[in-house]
Each structure stands twice: as structure tokens, then as C-alpha cells.
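**Q**
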Ligand SMILES: Nc1ncnc2c1ncn2[C@@H]1O[C@H](COP(=O)(O)OP(=O)(O)O)[C@@H](O)[C@H]1O
Ligand SMILES: [Mg+2]
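Residue numbers (the numbering used here), protein chains in the order written: chain A, 2 to 291; chain B, 33 to 366.
(1) Taking the straight line between their C-alpha atoms, what separation do you get for residue 186 of chain B and residue 309 of chain B?
(2) Would you tell me roughly how many angstroms separate the C-alpha atoms of residue 201 of chain A and residue 190 of chain A, rounded to the nearest one?
(3) What residues come near ligand 3, if near means a beta carbon less than 5 Å from any of its heavy atoms?
(4) Counting only the same chain and skipping the five closest in sequence on each side, list residues whose C-beta sits under 6 Å from that of residue 295 of chain B.
(5) Per DSSP, what are the beta-bridge partners of residue 23 of chain B in this structure?
(6) The beta strand (DSSP E) with residue 171 of chain B in it runs from where to where?
(7) If you measure beta-carbon to beta-carbon, which residues of the segment 75 to 108 of chain A are closer than 8 Å to chain B?
(8) With residue 311 of chain B as the anchor, note down where its beta strand (DSSP E) starts and where it stops.
(9) With residue 169 of chain A and residue 238 of chain A assumed to form a contact (beta carbons below 8 Å), what rounded beta-carbon distance in angstroms separates them?
(10) In this structure, how does DSSP classify residue 185 of chain A when only helix, strand and coil are distinguished?
(11) With a 10 Å radius around its C-beta and 16 neighbouring C-beta atoms as the bar for buried, classify residue 177 of chain A as buried or exposed.
(12) Short of 8 Å in beta carbon distance, which residues of its chain neighbour residue 54 of chain B, apart from the five on each side in sequence? Order them along the chain.
(13) With residue 351 of chain B as the anchor, note down where its beta strand (DSSP E) starts and where it stops.
(14) Have a look at residue 358 of chain B and residue 261 of chain B and give me their C-alpha separation to the nearest angstrom.
(15) What residues of chain A sit near residue 115 of chain B, judged by a beta carbon separation below 8 Å?
(16) Within the same chain, show all residues whose beta-carbon is closer than 6 Å to that of residue 70 of chain B, passing over the 5 residues directly before and after it, in chain order.
(17) Beta-carbon of residue 219 of chain B versus every beta-carbon of chain A: anything under 8 Å?
(18) Going by Cα to Cα distance, which pick from A:137, A:82, A:263, A:149 is closest to residue 235 of chain A?
(19) Assuming residue 153 of chain B and residue 176 of chain B make a contact with CB atoms under 8 Å, what is their CB distance in whole Å?
(20) Using DSSP's beta-bridge definition, name the partner residues of residue 318 of chain B.
(21) Pair every Cβ in the segment 261 to 275 of chain A with every Cβ in the segment 37 to 52 of chain A, then say whether three or more of these pairs are closer than 8 Å.
(22) Just how far apart, CA to CA, sit residue 59 of chain A and residue 53 of chain A?
(23) In whole angstroms, give me the CA-to-CA distance for residue 304 of chain B and residue 323 of chain B.
(24) Which two residues bound the contiguous beta strand (DSSP E) that contains residue 108 of chain A?
(25) At a threshold of 7 Å, does residue 183 of chain A count as lining ligand 2 (C-beta to nearest heavy atom)?
(26) Check whether the Cβ atoms of residue 134 of chain B and residue 193 of chain A lie closer than 8 Å to each other.
(27) Tell me whether residue 188 of chain A, by its Cβ, gets closer than 7 Å to a heavy atom of ligand 2.
(28) I believe residue 104 of chain B touches residue 84 of chain B by the beta-carbon criterion, under 8 Å. Please report the beta-carbon distance rounded to the nearest angstrom.
(29) Please report how far the alpha carbon of residue 280 of chain A lies from the alpha carbon of residue 218 of chain A, in whole angstroms.
(30) For residue 227 of chain A, collect the residues of the same chain with a Cβ closer than 7 Å to its Cβ; drop the 5 residues on either side in sequence, then sort them by chain order.
(31) Three Cβ pairs or more, each shorter than 8 Å: is that satisfied between the segment 199 to 213 of chain A and the segment 114 to 126 of chain B?
(32) For a contact meaning CB atoms closer than 7 Å, what does residue 135 of chain B contact in chain A?
(33) Residue 188 of chain A touches chain B at which residues, Cβ-Cβ below 9 Å?
(34) Determine the chain A residues that contact residue 130 of chain B at a beta-carbon separation under 8 Å, and present them in chain order.
(35) Using a Cβ-based criterion (distance less than 7 Å to any ligand heavy atom), does residue 377 of chain B qualify as near ligand 2?
(36) Would you mind stating whether residue 129 of chain B and residue 142 of chain B have Cβ atoms separated by less than 8 Å?
Printed below as a string of C-alpha cells:
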């Protein structure tokens with residue numbers, strides 16, 4: 002791509018794809034924006050009318066909104082924390098030579114291939130159920146009172162389930178990064194008198210910084226929109242204890258048939274996601290520079 | 033102090049025996065070079081001394097103390113790796129400071145040592161750069177700086193110059209020799225390049241397949257190689273080794289004569305042959321002489337740079353009898 006001519010040709014060639022993607026994004030976005038300013042309820046078809054900021058006012062002043070906002074942040078932050086720390090430790094473990102390494106690596110990746118609905122249902126019915134769940138049986142075996150995870154700690158349970166799904170992803174990326182670390186650097190550090198902990202914090206962690214950044218950015222995108230796990234386990238409850246923004250918007254527009262309110266929520270969610278993105282890029286984006 | 037003794041040290045990787053029982057003493061302040069072809073176990077030997085590999089059997093003593101099971105950091109040795117192994121995310125200053133930080137050296141002492149090292153290695157202007165922003169020679173110097181500040185009892189170098197271009201290599205060779213003269217610390221230097229070995233060493237250890245073939249000063253190895261392998265390995269260009277009838281005349285299996293100990297003439301001499309490729313270095317010219325009837329290998333001979341010979345010319349060669357090396361059937365010096 003050196004000459005002017007080839008650069009112009011490149012732009013021309015790439016433009017259909019860019020236009021298609023632009024349209025793909027612009028059309029739903031502008032429709033959402035448009036709906037968010039309408040009073041539009043599916044129970045009263047044909048009654049749509051322009052209402053200005055009313056939908057936004059209702060959405061933002063709803064007490065459920067603040068709760069959902071915090072739940073979203075807790076969910077994203079909690080899962081990120083568990084998966085990056087746990088992923089790093091698992092990657093360190095799997096980087097050691099041991100018998101059956103290949104099989105173990107495949108097994109560790111397995112949860113990533115399980116659909117969110119399925120894994121959430123498995124956790125809900127087979128593990129966390131206070132009567133039939135494995136944990137309940139375990140508790141009874143030790144003579145303890147079974148714990149109703151989804152009722153007593155709904156958000157924590159969901160954080161746990163989602164972390165279980167995303168741990169393999171983080172582990173895999175961090176393991177590849179760890180394997181690309183020059184062994185001589187570790188040996189040099191060893192000769193320089195660095196013990197295992199110092200080697201980890203001074204050599205490995207800085208080496209992993211870029212991979213950790215990638216894990217955090219990619220996971221944040223997906224974690225902001227966690228939905229299926231909530232739908233099949235707690236339905237956002239009890240109350241709004243496990244309702245995140247995505248689930249709140251779903252309740253608004255589909256359970257209450259309020260397309261206008263749901264759209265306003267959607268726009269708010271877009272803005273919040275962008276704020277999170279800007280914060281993240283500010284904080285850790287520099288790790289991605291070569 | 034830095035007196036290192038290896039006592040019947042062996043090393044195997046699984047079934048592969050890389051170092052057969054090996055004894056060696058390295059005296060305090062010596063510049064010792066391990067030289068040998070690639071894969072002969074030089075790096076392994078160095079890593080055994082450093083403690084990065086465990087010996088399979090035998091004992092390593094540093095200053096009389098048994099160091100066989102000591103962790104690397106406790107041995108008081110500093111190593112410069114072939115890949116430099118600098119920490120890419122730390123500035124040059126932090127790289128050099130790292131071993132002192134690990135050892136808990138006070139801040140102002142760290143600062144003093146960094147500045148002294150940077151000054152002696154011409155790194156003062158680069159202290160705040162990252163290794164990625166330095167040239168190969170500068171990275172090499174940072175690696176050396178990181179080793180110096182620890183004030184080790186011995187330095188270990190594993191082919192430190194092999195990633196540098198030829199001109200820089202000559203420079204760094206001199207700098208490392210200067211460093212040795214200034215610090216008077218024991219240095220063990222691994223290389224496959226016999227020129228580096230000859231120019232830098234107080235003592236050369238020639239290795240082949242983990243065995244020590246000969247230990248001696250550069251000139252000892254040059255003048256009295258103990259076997260054919262050392263004779264062929266030390267000296268550039270290589271010694272001419274002649275077998276068969278001509279060797280029988282001297283009553284041995286092989287005779288060796290260095291290119292510089294053959295007198296060339298266009299009129300008369302003991303042996304004759306045809307000039308092949310001539311390598312002109314300016315001061316000298318190395319001629320490859322074919323069809324000499326002494327074996328299939330061409331003979332190499334050093335002649336004056338001005339000698340007017342061309343490809344295909346007839347040439348006469350006479351060896352200097354007093355410089356002739358004789359080897360028996362086992363390849364040992366006779
Ligand atoms: N970690 C290892 N595992 C198995 N074999 C090894 C290992 N390290 C070195 N070797 C073998 O030991 C021999 C000597 O290697 P090395 O000491 O690196 O040679 P040099 O540095 O002289 O080129 C080689 O044949 C190499 O294949
Ligand atoms: Mg080597």
C-alpha cells in the first residue's frame with residue numbers, strides 16, 4: 002500500500018464492506034433512537050405519539066435502574082476478577098509439565114463450548130438446588146443446613162456460573178501468552194536472585210499484561226450483556242437482586258410490552274457501555290501498543 | 033574470589049549422556065574459554081556451573097565450598113546469555129538495578145553502581161530507554177552491566193557475541209578483555225569460534241562431545257596440540273592433515289602442518305600441486321593447492337599478499353620440518 006493509486010484502489014475495494022457494516026449498525030440504532038422518543042406500547046397499537054424525554058425520565062428514575070446498574074457493574078467486575086486471577090493461576094499450573102497434559106487442556110476448555118442456557122440450568126438444577134442439588138446433598142452429608150444459593154445469594158451465584166463459563170477462555174489466552182515467555186529471561190531472573198514470587202510479579206505478570214488486557218476487553222463486551230444465565234436461573238429476582246441492565250430492558254419492553262421505554266433503556270445501555278469502554282481503554286489500552 | 037572446581041561431574045538428559053565424567057579447575061581471576069563445535073556440551077557445562085541444570089553426579093566447588101546443590105542465586109555467579117535475556121518491560125536502569133533490588137542493596141549504593149557501570153559501558157545516555165530501543169551491541173552491554181553490578185565472584189558468558197555483526201564482535205571482544213583486566217574477576221566464556229578463544233583466553237578448554245580434549249594457554253594449544261582434533265580445531269585456516277605414504281615416511285599415522293609453516297615457491301620444493309582458489313586478505317593470501325598427490329583434501333598455504341600466482345599455476349611447497357606435528361593411530365600426539 003505504498004503508492005497513491007494503490008491506496009485509492011484499496012479504499013474503493015473496501016468501501017462496499019464498510020457501507021454494509023455502517024448500514025447494519027445505523028438502521029437498528031436509529032430505529033431504537035426513534036422509538037425511545039415515542040410512547041409506544043404493544044398493548045395499545047396505533048396509539049404511538051411523540052413524548053420527548055418521558056421514556057428516559059421514567060427509565061432513569063426507576064429504582065430498578067440504579068439497582069440494575071450496580072448489578073451490572075458487580076457482575077462484570079466480579080467475573081473479570083475471578084477469571085483473570087483464576088485464569089492466571091490455572092495457566093501457571095498447566096504450564097508445568099505433567100502426565101496427561103493434552104487431555105487436561107481439552108477438559109479445561111470444555112465449559113466454553115457449553116451453551117449459557119444449558120450450563121446455567123445444569124448449575125441451577127443439579128448443583129445449587131436446595132433439595133436435589135449436589136451441594137445440598139453435600140451439606141446434608143456433613144450435617145449442615147442446605148444453602149439456597151439462587152435465593153440467598155442470587156447475584157453471587159450468577160457471577161459464579163458466568164465465571165465458570167469464561168474461565169477457560171482466560172486460561173487459554175493466558176496459557177499461550179505464558180508459553181511465549183522466553184525461558185532465558187526467567188533463568189536470568191533466577192540468577193539475579195529473584196525467588197518464585199519475584200519472578201512471577203516482575204517477569205511473568207508484565208509479560209502477561211497484554212494478554213490480560215485482551216481478556217478483559219473481550220470479556221467486558223460479552224459480560225455487559227449477560228442475559229440467558231439470569232433468565233433461566235433467577236429471572237432477575239428475588240425483586241431486582243439479580244437484574245442487570247440487559248435484563249431490565251428485556252422486562253421493560255417484552256414483559257411490559259413497552260417498546261418506547263425499552264428503547265430508551267437500550268440507548269442508556271449503549272451510552273454506559275461506551276463509558277465503560279472509554280474507561281477501560283484509558284486504564285489498560287496502552288498495554289496493547291506494540 | 034572465584035575458584036571453581038569440577039570433580040567427576042556428569043550430566044545426562046534422560047538416556048543421553050551429554051557430559052561424561054569431567055574434572056576441571058578454574059583458578060581465581062582466570063579468563064577461561066570453553067571452545068568446541070556446536071552441540072558438544074559447552075552450554076550445558078556452563079549451566080551446570082551456574083546451577084541452572086542439576087548435575088547427574090559429581091561435585092562442583094566454588095571457593096572450596098560445595099556448591100553442587102546450591103540454588104543459582106546463592107553461588108555468587110553472574111551470567112550473560114546469548115539472547116541477552118534482558119527484561120523487555122524495564123528500562124535499562126531498572127534492568128541493571130534488578131539483581132541489586134533482589135539482593136536488597138540500599139538505594140544510593142544502587143545508584144552509584146548503576147552510574148559506574150553505565151559509565152564504563154558507555155550506556156549513560158540510554159539508561160531510560162527500554163531494551164527494545166537499543167542496538168544489539170548496546171543490549172549486550174546492558175546484559176554485561178547487569179552482571180557487573182552484582183559484583184559476582186565469576187562471570188559466565190554463553191556465546192555472548194554470536195548475535196552481533198563481525199565488526200561489532202571484534203569491538204566487544206576487546207571490551208570484554210578490557211573488562212577482565214580492570215575487574216580481575218574470574219570469567220568463563222563459551223564460544224564455538226576458535227578466533228574468540230585464541231584472542232581472549234588465559235586458558236582454553238577444548239571440548240568434544242562433552243570430553244575435554246585439551247586444556248592450555250592459546251599458544252600451547254597452537255604449538256603443541258595433544259591430538260588431531262585440537263590440531264584441526266585451533267588455528268585459522270585449519271592445519272593441513274596428511275595421511276598415507278607421506279606420513280609413513282615420518283613413521284606415524286598422520287602428520288600436520290599449518291598453512292603458515294609451508295614455504296611456497298614457483299620453482300622448486302618438496303611437494304608440488306596446482307593452485308586452486310586464492311583468498312586475498314591483502315597482507316596475506318591463502319592458496320588452496322590441489323593435485324598434490326598427498327590425499328584428496330586440498331592443502332592450504334599462506335603466502336605473501338604480493339605473490340604472483342593464479343588459478344591453475346604450478347606451485348611447489350616445502351614444510352618446515354621443525355613445525356611438523358605428528359599423530360599416531362589413535363590421533364594422539366606422537
Ligand atoms: N534440556 C535438554 N534436554 C535434552 N537434551 C539436551 C538439553 N539441553 C541440551 N541437550 C543436548 O545436549 C547436547 C549439548 O548441548 P549444548 O550444551 O547446548 O551444546 P553447545 O552449547 O556446545 O552447542 C546437545 O546434543 C543437545 O541436544
Ligand atoms: Mg550453546
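Cβ atoms here follow ideal geometry from the backbone N, Cα and C, with glycine treated the same way.
This one's a predicted model, so the numbers in the text were calculated from it and none came from an experiment.
**A** For this structure:
(1) On the second chain, position 154 is the one that residue 186 of chain B refers to. On the second chain, position 277 is the one that residue 309 of chain B refers to. Approximately 45 Å between the Cα atoms of the pair.
(2) Translated into the one-based positions of the first chain, residue 201 of chain A becomes position 200. Translated into the one-based positions of the first chain, residue 190 of chain A becomes position 189. Computed Cα separation, rounded: 10 Å.
(3) With respect to ligand 3, the structure offers nothing, as its ligand set consists of ligand 1 and ligand 2.
(4) Taking the second chain and counting its residues from 1, one reaches residue 295 of chain B at position 263. Excluding sequence neighbours, residue 295 of chain B sits near 350.
(5) Examination of residue 23 of chain B is not possible in this model, given that chain B is present from 33 through 366 alone.
(6) Residue 171 of chain B sits at position 139 when you count from the first residue of the second chain. Looking at the DSSP string, residue 171 of chain B is not in any beta strand (DSSP E); the run it does join, the alpha helix (DSSP H), is 168 to 180.
(7) none
(8) Here the question's residue 311 of chain B lines up with position 279 in the second chain. Run containing residue 311 of chain B: 303 to 312, per the beta strand (DSSP E) assignment.
(9) On the first chain, position 168 is the one that residue 169 of chain A refers to. On the first chain, position 237 is the one that residue 238 of chain A refers to. Not quite, the Cβ-Cβ distance comes to about 29 Å (not below 8 Å), so this is no contact.
(10) On the first chain, position 184 is the one that residue 185 of chain A refers to. Residue 185 of chain A: helix per DSSP, three-state reduction.
(11) The sequence position of residue 177 of chain A within the first chain is 176, counting from 1. Under this definition residue 177 of chain A is an exposed residue.
(12) Reading the second chain from its first residue, position 22 is the one you call residue 54 of chain B. Within the same chain, residue 54 of chain B has close Cβ partners 38, 40, 41, 42, 77, 90, 242, 243, 244.
(13) One-based indexing of the second chain puts residue 351 of chain B at position 319. That run of the beta strand (DSSP E) goes 346 to 351.
(14) By 1-based counting over the second chain, the position of residue 358 of chain B is 326. By 1-based counting over the second chain, the position of residue 261 of chain B is 229. Distance between the alpha carbons of residue 358 of chain B and residue 261 of chain B is about 13 Å.
(15) Taking the first residue of the second chain as position 1, residue 115 of chain B is located at position 83. Within 8 Å Cβ-Cβ: 183, 185.
(16) Counting from one through the second chain, the residue named residue 70 of chain B turns up at place 38. Excluding positions up to five away in sequence, the list reads 224.
(17) Position 187 of the second chain, counting from 1, holds the residue named residue 219 of chain B. No, residue 219 of chain B does not count as interfacial toward chain A.
(18) For this step, residue 235 of chain A is matched to residue 234 along the first chain. Among A:137, A:82, A:263, A:149, the Cα nearest to that of residue 235 of chain A belongs to A:149.
(19) On the second chain, position 121 is the one that residue 153 of chain B refers to. On the second chain, position 144 is the one that residue 176 of chain B refers to. That belief holds up - the Cβ atoms of residue 153 of chain B and residue 176 of chain B are roughly 6 Å apart, short of 8 Å.
(20) If you number the second chain from 1, residue 318 of chain B lands on position 286. Answer is B:311, B:334, bridged to residue 318 of chain B.
(21) yes
(22) Your numbering for residue 59 of chain A matches position 58 in the first chain. Your numbering for residue 53 of chain A matches position 52 in the first chain. The alpha-carbon atoms of residue 59 of chain A and residue 53 of chain A are separated by roughly 12 Å.
(23) On the second chain, position 272 is the one that residue 304 of chain B refers to. On the second chain, position 291 is the one that residue 323 of chain B refers to. Cα-Cα distance, rounded: 8 Å.
(24) By one-based count along the first chain, residue 108 of chain A stands at place 107. Where residue 108 of chain A is concerned, there is no enclosing beta strand (DSSP E), although the alpha helix (DSSP H) it sits in stretches over 102 to 110.
(25) On the first chain, residue 183 of chain A is found 182 positions in, with the first residue counted as 1. No - ligand 2 has no heavy atom lying nearer than 7 Å to the Cβ of residue 183 of chain A.
(26) Translated into positions along the second chain, residue 134 of chain B becomes position 102. Translated into positions along the first chain, residue 193 of chain A becomes position 192. The answer is yes: Cβ separation under 8 Å.
(27) Taking the first chain and counting its residues from 1, one reaches residue 188 of chain A at position 187. Checking the Cβ of residue 188 of chain A against ligand 2 gives no.
(28) Counting from 1 along the second chain, the entry for residue 104 of chain B is found at position 72. Counting from 1 along the second chain, the entry for residue 84 of chain B is found at position 52. Yes, they are in contact, since the Cβ atoms of residue 104 of chain B and residue 84 of chain B sit about 6 Å apart, within 8 Å.
(29) Taking the first chain and counting its residues from 1, one reaches residue 280 of chain A at position 279. Taking the first chain and counting its residues from 1, one reaches residue 218 of chain A at position 217. Each residue's alpha carbon lies about 11 Å from the other.
(30) Sequence index remark: in the first chain, residue 227 of chain A carries index 226 (1-based). Within the same chain, residue 227 of chain A has close Cβ partners 76, 163, 245, 247.
(31) yes
(32) Here residue 135 of chain B is taken as the residue at index 103 of the second chain, counted from 1. Those are 194, listed as they occur along chain A.
(33) Here the question's residue 188 of chain A lines up with position 187 in the first chain. Neighbours of residue 188 of chain A on chain B, chain order: 79, 82, 84, 104, 111, 113, 117.
(34) The sequence position of residue 130 of chain B within the second chain is 98, counting from 1. In chain order: 190, 193, 195, 203.
(35) Coverage of chain B is limited to positions 33 through 366, which leaves residue 377 of chain B absent and any answer about it impossible.
(36) Residue 129 of chain B sits at position 97 when you count from the first residue of the second chain. Residue 142 of chain B sits at position 110 when you count from the first residue of the second chain. Against a cut-off of 8 Å, the Cβ pair of residue 142 of chain B and residue 129 of chain B comes out as a contact.
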